[in-house]
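Residue numbers (this note's numbering): 253 to 386.
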């Protein structure tokens, strides 16, 4: 999903709403094992990391479990204590549709609503007819 990775990165940075790009394919070491996070951002106004997992398949429940693991790892390894818990986003593509799902290390707090792009906006930015320029 390298192309989608580029599109998603560009989308979040063009929002001009406080997203700082940390990187792509970020290694995280937990218990002596290395794991790779697809995309990592920091949202400055919300003071939280945003972990984005990309899957080139239909959504599977285990993706949410893996994202929850990443959120916990980011919160314990990178979060200095004054920042808010990490937010996660799973983007799954299928031949004809995209599933976008937010995941949080806690329940979705009210303070996040309106500060993060909607699922519809993300889907529209990623999934356009092939004849439409990107």
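For every residue, glycine included, the Cβ atom is placed at its ideal position computed from N, Cα and C.
This one's a predicted model, so the numbers in the text were calculated from it and none came from an experiment.
With three or more C-beta pairs closer than 8 Å as the rule, is the segment 309-320 touching the segment 330-338?
Result no; under three Cβ-Cβ pairs closer than 8 Å.
Which same chain residues end up closer than 7 Å to residue 264 when comparing Cβ atoms and leaving out the 5 residues on each side of it in sequence?
Start at 1 with the first residue of the chain shown, and residue 264 comes out as number 12. Hits under 7 Å: 271, 293.
Beta-ladder partner(s) of residue 335, from DSSP:
In the chain shown, the residue the question calls residue 335 occupies position 83. Beta-bridge pairing links residue 335 to no other residue.
Pair within 7 Å by beta-carbon distance, residue 277 and residue 260
Residue 277 sits at position 25 when you count from the first residue of the chain shown. Residue 260 sits at position 8 when you count from the first residue of the chain shown. If you check the CB distance, residue 277 and residue 260 do not come in under 7 Å.
Span of the beta strand (DSSP E), counted from its first residue to its last, around residue 285:
Walking along the chain shown from the start, residue 285 turns up at place 33. Start and end: 285-295.
Status (buried if at least 16 other CB within 10 Å, exposed otherwise) for residue 345:
For the purposes of this step, residue 345 is taken as residue 93 along the chain shown, with counting starting at 1. Around the Cβ of residue 345, a 10 Å sphere holds 16 or more other Cβ atoms; the residue is buried.
For residue 307, which residues from the same chain have a beta carbon less than 8 Å from its beta carbon, with the 5 sequence-adjacent residues on both sides left out?
By one-based count along the chain shown, residue 307 stands at place 55. Excluding the 5 residues flanking it on each side, residue 307 has same chain C-beta neighbours closer than 8 Å at 253, 315, 342, 343, 344, 345, in chain order.
Enclosing beta strand (DSSP E) for residue 306 [first to last residue]:
Along the chain shown, read from residue 1 onward, the residue named residue 306 stands at position 54. That run of the beta strand (DSSP E) goes 300-307.
Could you tell me the distance, in whole angstroms, from the CA atom of residue 323 to the CA atom of residue 373?
Indexing the chain shown from 1 puts residue 323 at position 71. Indexing the chain shown from 1 puts residue 373 at position 121. So the two alpha carbons sit approximately 23 Å from each other.
First through last residue of the beta strand (DSSP E) which encompasses residue 270
Within the chain shown, residue 270 is the residue found at index 18, counting from 1. Segment: none, residue 270 is in no beta strand (DSSP E) and carries neither H nor E.
Work out the CA separation of residue 339 and residue 302 for me, nearest whole Å.
By 1-based counting over the chain shown, the position of residue 302 is 50. By 1-based counting over the chain shown, the position of residue 339 is 87. Their backbone Cα atoms lie some 5 Å apart in a straight line.
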